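Some notes on the structure that comes next.
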Amino acid sequence: MRALSVTMSTLAVLITIWASPAVACEAGYCVRSTVPADGATNVPTDAKIFVFYNTTPGLGEPETGMSLFEGSGQGVLSSVEVFPGENPMAEVRNQVAVLTPFAALSPNTEYEVSFPMGAVCGEATLTFTTGSGTTTQPTFTSATSVTADCIEQPTELTSCNDQEPYPRLKFELTAADTPDAAAFAIYRNATRIAMVPTLPAVAQLVIDDAENEECFVLRAVAQNGTEVGTGEDVCVSTTDVCATSTLDMGGGPVDMGADMPQTVDMAMNDQGTESDSGQDMDMVNPTMPDDGEDSGCGCSSGPAGSATSVLLLLVALLCMRRLRWS
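Going by my numbering, the sequence shown opens with residue -16, and the numbers climb by one from there.
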């Protein structure tokens, strides 16, 4: 009986370890940058607050708990709107929340922005002090050029990117330096598709939605939210940008040269770690994709690897055999 007890305990431990997910998307959001910056002084009294952040779907959205307070702790009536960032189509996507006070801020006063609980990249803090003046409008005309690049499917998918469409097109718009701008807004067909804090301004499109030639308008956003620019288009050809991608995997074609991850699909491994597509998660040691836009906040990886999983399977089978002959 003692041998049976030890064998069953060992088997239970092995199954518990085996069932641990290799990758998980954490709930919450990660503040990437703010305008004004934390600790800023001489902030205009008519300023809006811009919060650029990453978030996992439907979880920890800053607008649901973002509030403005004077240094004394008195709340300031305000509203919050959310706009798409450079890549809102991703599972771990980026956006911008714009907090607008209902009345002008008091001059020479300290303010604090509070965020909801659940930040996955550390606690977000933002305090700033107003000056006595109003917003200085940026001097801006239009974008000077635009380029198009292809973002291919990463070699190894994770639960944080397995629902992203691949390939997709990344557009970079350049313009003259604009020090007084709080953000830059990108328009396509008269619709704002992205808002970013710095130049070059980046936006992404699903390749199936792109035209053979894409044109964009870039405008500078002042601290008080007004947009500045002449509205001149910059255009770029998208033909053959992703020409090496030929296989349609549901979200668009992927590069056939990329090695697809090997999987171990066992009934015992189905412990609720399936992705939204209904496929079992790859039991590999994933590396976070480096497409320049999506890696970083919101994801964590575990130690489970394919070689370890196979070894645990063999040990479990030996334990079962020992149990049979006990």
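Beta carbons are placed, not taken as given, at the ideal position from N, Cα and C, and that holds for glycine. No experiment lies behind these values; they were computed from the predicted model shown.
Determine the DSSP secondary structure at residue i, reduced to helix, strand or coil.
i, result
"residue 46", "helix"
"residue 191", "helix"
"residue 118", "coil"
"residue 141", "coil"
"residue 225", "coil"
"residue 70", "coil"
"residue 89", "coil"
"residue 239", "Residue placement at residue 239 cannot be trusted, given a pLDDT of 41 that sits under 50; what the coordinates show is reported in the next sentence. Reduced to three states, the DSSP call for residue 239 is coil."
"residue 220", "strand"
"residue 203", "strand"
"residue 97", "strand"
"residue 39", "coil"
"residue 104", "coil"
"residue 53", "strand"
"residue 64", "strand"
"residue 215", "coil"
"residue 208", "coil"
"residue 196", "strand"
Determine the extent of the beta strand (DSSP E) in which residue i is found, giving its start and end residues.
i, result
"residue 170", "166 to 171"
"residue 132", "128 to 134"
"residue 382", "Past the edges of the chain, shown from -16 to 309, lies residue 382, and the structure says nothing about it."
"residue 174", "174 to 179"
"residue 84", "76 to 84"
"residue 155", "151 to 157"
Alpha carbon to alpha carbon, what distance is there between residue j and residue i?
i, j, result
"residue 22", "residue 144", "34 Å"
"residue 178", "residue 167", "6 Å"
"residue 161", "residue 186", "19 Å"
"residue 58", "residue 107", "18 Å"
"residue 151", "residue 27", "39 Å"
"residue 46", "residue 176", "19 Å"
"residue 183", "residue 209", "20 Å"
"residue 137", "residue 189", "16 Å"
"residue 99", "residue 109", "13 Å"
"residue 211", "residue 30", "16 Å"
"residue 121", "residue 142", "41 Å"
"residue 126", "residue 55", "43 Å"
"residue 222", "residue 159", "27 Å"
"residue 111", "residue 66", "23 Å"
"residue 13", "residue 170", "25 Å"
"residue 148", "residue 195", "19 Å"
"residue 61", "residue 104", "26 Å"
When you compare the region 115 to 131 with the region 148 to 158, are there three or more beta-carbon pairs, one atom per stretch, that lie closer than 8 Å? yes
Any alpha helix (DSSP H) of 4 or more consecutive residues that is wholly inside the region 5 to 34: none
Contact between the region 46 to 56 and the region 69 to 87: three or more CB pairs below 8 Å? yes
Cβ pair count under 8 Å reaching 3, the region 194 to 212 against the region 88 to 95: no
Inspect the CB distances between the region 29 to 38 and the region 58 to 76 and report whether three or more fall short of 8 Å. yes
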